Amino acid sequence: MLRVVSWNINGIRSPLQGVVYEEPNNRNTVAMGRILDTLDADIVCFQETKVTRDVLTEPLAVIEGYNSYFSFSRNRSGYSGVATFCKDSATPVAAEEGLSGLLATQNGDVGCYGNMDEFTQEELRALDSEGRALLTQHKIRTWEGKEKTLTLINVYCPHADPGKPERLAFKMRFYRLLQIRAEALLAAGSHVIILGDLNTSHRPIDHWDAVNLEYFEEDPGRKWMDGLLSNLGCQAGSHVGPFIDSYRYFQPKQEGAFTCWSTVTGARHLNYGTRIDYVLGDRTLVIDTFQASFLLPEMMGSDHCPVGAVLSVSSVPAKQCPPLCTRFLPEFAGTQLKILHFLVRLKQDPVLKQSALPLSNQTQVQMRPNKARVHSTRLRPSSTRGQKQLMSYFQSSSSRLQASANLELPSLGTLVTPKTPEDKVTAKVVEGPSKASEAKNEKEVQISFWKSVLGGPLPMPLCRGHKEPCVMRTVKKPGPNLGRNFYMCARPQGPPTDPSARCNFFLWSRPS
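Written out as structure tokens, the structure is:
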């Protein structure tokens, strides 16, 4: 059996809840290995790794028992990025970064690019510059003993921001490039699996609030998926795409099967999410070899959950990893040049070396008096800068007596008769309560003053739906209300029909 898993990890360097928490001091070393052991898959594809090559560390990239492959964003740091980890028993025969072929090194690449004449070179370079696609090609053996080729396309498709129409165009062009490359691989005789975050929920059953979304079916991303996927369970003559949504193949009517939830609204508590992570296989592969397709919503640590599939095939590992493997990177392979490589040790003649030894001893003896003479004639910093010495802060006993003789005697009016011990005790008993009461009154005055100046935060208003204290949020969307605070229900987001979900209470905060 071959088990493949895909997970939008939302930052590969972040500590993952439920996976790594016992050893915080050794997190970077054990985190990735424990994640892979928990997923228990032959091939694991991560999206949104948010690392570039300059910050990738060896404990994250080189894991015992696995060979890994990374694609980095070339425009922004801490953005996008995908990675594929293969067990040594599933070592690929080829690996390639990107979809266009412009990042190919012509050594160990997958190939089969199809006709991309509709794209310009600049457009292809831009589509591959964000580190959103990684291909690994494997040899598999069916239960009949036939050896075939399987290509996995690990993708993190762009998100279409409603406020940025150019990103929607970028997303659709990426979809188009992905389809051309996948169909070219199919035409070359390879089986193909597209897995990852496609950033589109295909059907209304895959979205928690599809009925309230305007023009849901008219979304360009959903129309593209309609053309890519076969329409299962429909009458004869309906559209038959080259790929099948493996989860809907096994669970066509399963509701609430979501893979992504908003962490800001706490929507995961009530399963108020969307399904935008997929394992898509070509029709022949899914029908003949797929045994199961599953979601892992119990896996915490990201705003997405892992998805995967099980195939009734066995992997035939390659004898050597492709050149794209991270263990071949100079910084991890021990072949990166260090500064010592640029320093050359000078060779000294043995005869000169022997004659120089007694000379150096004699020179040291002669230099010692000169060094002492130099030190003796050197000016002290205190004499030139006027720095005081420690002794200047002390006075001799004679000067102290002279200073005490110059003190003026107090006048007779200031002299008082010294008190007896009994008088001192009586004075303390009388003055004690009065001083304590004065200090208490003074403290109360100070407290009342600061309370009048600093009124403190106002109590949170109660939401109308549950009569519970609200939470304060800040508007971050550009516009006239940017930066304003408002109150809303503190409960997690959920279906409107669920009484335990957030109510629609909203109240602007008064400016202070």
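Quick note on this note's numbering: the sequence shown kicks off at 2 and runs consecutively.
Glycine included, each C-beta is placed from N, C-alpha and C at the ideal position.
Owing to the predicted nature of the structure, the values given are computational and were not obtained by experimental measurement.
Using the beta-carbon count (16 or more within 10 Å), is residue i buried or exposed?
i      : result
ASN11  : buried
ARG249 : buried
VAL366 : Only weak support is given to the placement of VAL366: the predicted model assigns it a pLDDT of 43, under 50, and the question is left unresolved by the model.
VAL314 : buried
SER72  : buried
GLN48  : buried
PRO458 : exposed
SER247 : buried
ALA440 : exposed
PHE329 : exposed
ARG514 : The requested residue 514 does not occur in the structure, where the chain is confined to residues 2 to 513.
VAL472 : exposed
ASN9   : buried
ARG269 : buried
ARG346 : exposed
GLY232 : In the sequence on display, residue 232 carries Asn and not Gly. Under this definition ASN232 is an exposed residue.
HIS376 : In this prediction, HIS376 has a pLDDT of 46, which is less than 50 and means its spatial position is unreliable; nothing more can be read from the coordinates.
TYR394 : exposed
LEU214 : exposed
SER69  : buried
MET117 : buried
ASN442 : exposed
ARG492 : buried
ARG503 : buried
ASP278 : buried
Check the DSSP bridge columns for residue i and list the partner residues they point to.
i      : result
VAL156 : ALA134, GLY197
LEU151 : HIS139, HIS192
VAL557 : Residue 557 lies beyond the stretch modelled for the chain, which goes from 2 to 513, so this question has no answer here.
PRO470 : LEU463
MET301 : Bridge partners of MET301: none, in fact.
CYS46  : SER7, THR85
TYR279 : GLY197
GLU123 : Per DSSP, none; premise fails for GLU123.
GLU97  : LEU136
PHE487 : ARG474, TRP509
CYS261 : THR275, HIS305
ASN68  : CYS87
SER316 : ILE141
From this set, the options, which residue's C-alpha is nearest residue i's C-alpha?
i      : options                        : result
LYS140 : PHE506, ARG492, LYS320, VAL472 : LYS320
ARG485 : TYR273, ARG474, LYS436         : ARG474
PRO462 : LEU508, ALA502, GLN447         : LEU508
VAL311 : CYS322, LEU325, ILE288, TYR273 : ILE288
PHE291 : ASN108, ARG174, PHE251, ARG503 : PHE251
LEU37  : GLY228, ALA62, THR53, PRO500   : ALA62
PRO460 : GLN447, TYR488, VAL446         : TYR488
ASN482 : GLY466, ASP499, SER510, PHE506 : SER510
LEU104 : LEU125, PRO93, SER15, LYS88    : LEU125
LYS51  : ARG14, GLU59, THR137           : ARG14
SER81  : ASP118, ALA183, ALA134, ASN108 : ALA134
LYS477 : VAL265, THR498, GLY66          : VAL265
GLY282 : SER191, LYS254, SER438, SER453 : SER191
ASP89  : PHE506, PRO323, HIS467, GLY495 : PRO323
CYS490 : PRO500, PHE506, THR498, ASP499 : PHE506
GLU256 : ALA293, ASN232, HIS208, LEU344 : HIS208
MET173 : LEU229, VAL193, VAL212, LYS147 : LEU229
VAL6   : CYS158, THR137, SER294, GLN447 : SER294
GLY1   : ARG142, CYS113, GLY164, GLN122 : The requested residue 1 is not part of the displayed model; the chain covers only 2 to 513.
ASN108 : VAL94, MET117, ASP118          : VAL94
ARG276 : ASP162, SER449, LEU199         : LEU199
HIS160 : VAL212, GLN494, ASP220         : ASP220
GLU469 : SER501, GLY242, SER438         : SER501
PRO586 : THR285, VAL280, THR53, MET226  : The question about residue 586 has no answer here: the residues shown for the chain are numbered 2 through 513.
ALA32  : ALA170, GLY302, CYS261, PHE259 : GLY302
LEU286 : THR143, GLU98, CYS464          : THR143
GLN1   : LEU271, GLN447, LEU325         : Only positions 2 to 513 of the chain appear in this structure, which leaves residue 1 out of reach.
Compute the beta-carbon to beta-carbon distance between residue i and residue j, rounded to the nearest angstrom, for a pair I have assumed lies under 8 angstroms.
i      : j      : result
ASP43  : LEU3   : 5 angstroms
SER316 : ALA91  : 4 angstroms
LEU178 : PHE244 : That pair is no contact at about 15 angstroms.
ASP129 : LEU100 : 6 angstroms
PHE86  : VAL45  : 5 angstroms
GLY535 : SER74  : Lying outside 2 to 513, the shown extent of the chain, residue 535 is not represented and no answer is given.
ARG223 : HIS203 : 6 angstroms
ARG182 : GLY115 : 6 angstroms
PHE333 : GLU59  : 5 angstroms
Determine, for residue i, whether the minimum Cβ-Cβ distance to residues of chain D falls below 8 angstroms.
i     : result
CYS46 : The structure shown contains no chain D, having only a single protein chain.
At which residue ranges does the stretch 175 to 255 contain complete alpha helix (DSSP H) runs of 4 or more residues, listed in the order of the chain? Annotation note: the stretch 175 to 255 contains the following uninterrupted alpha helix (DSSP H) runs of length 4 or greater, listed N- to C-terminal: 221 to 229, 247 to 251.
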